[in-house]
Amino acid sequence: MSLNRTQIVDWLYHCGDIFTKESDFLTGLDKEIGDADHGLNMHRGFSKVVEKLPSIADKDIGFILKNTGMTLLSTSAAPAARCSAPSSFAPRR
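Shown next, in the form of structure tokens:
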């Protein structure tokens, strides 16, 4: 199965919608096991991703995904996101 650019962009918009709608729910779950900021961070990050999508939607998939990851990193206050996200940019072997 392969994905095209339009599907990736649509998926990112959909993620933005979900994280907006479910922010409180995710924060509630995180409150039980963490510092209750997961929903807020995902909402904040994907809101910024959705804001940027119109200006990058015509780029190649690699650029879109790298820009998405960098945007999520730059908007997240969560140390775990800053530690784990760079691994998604590692070159494929």
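Numbering (my numbering), first residue to last: 1347 to 1439.
Every residue gets a Cβ at the ideal spot worked out from N, C-alpha and C, and that includes glycine.
The structure displayed is predicted, hence computed values, not measured ones.
For methionine 1388, the three-state secondary structure derived from DSSP is helix. In this structure, the CA atom of isoleucine 1379 is about 16 Å from the CA atom of serine 1369.
Residue state for asparagine 1413 is assigned as helix, using DSSP reduced to three classes.
Residue state for leucine 1349 is assigned as coil, using DSSP reduced to three classes. Its Cα nearest to that of histidine 1384, the residue Thr1373 stands out among Val1355, Thr1373, Gln1353 and Lys1398.
Between the alpha carbons of valine 1395 and leucine 1418 lies a distance of about 7 Å. Inter-residue distance for methionine 1416 and lysine 1398 is about 12 Å (C-alpha atoms, whole angstroms). Where aspartate 1370 is concerned, the enclosing alpha helix (DSSP H) starts and stops at 1369-1379.
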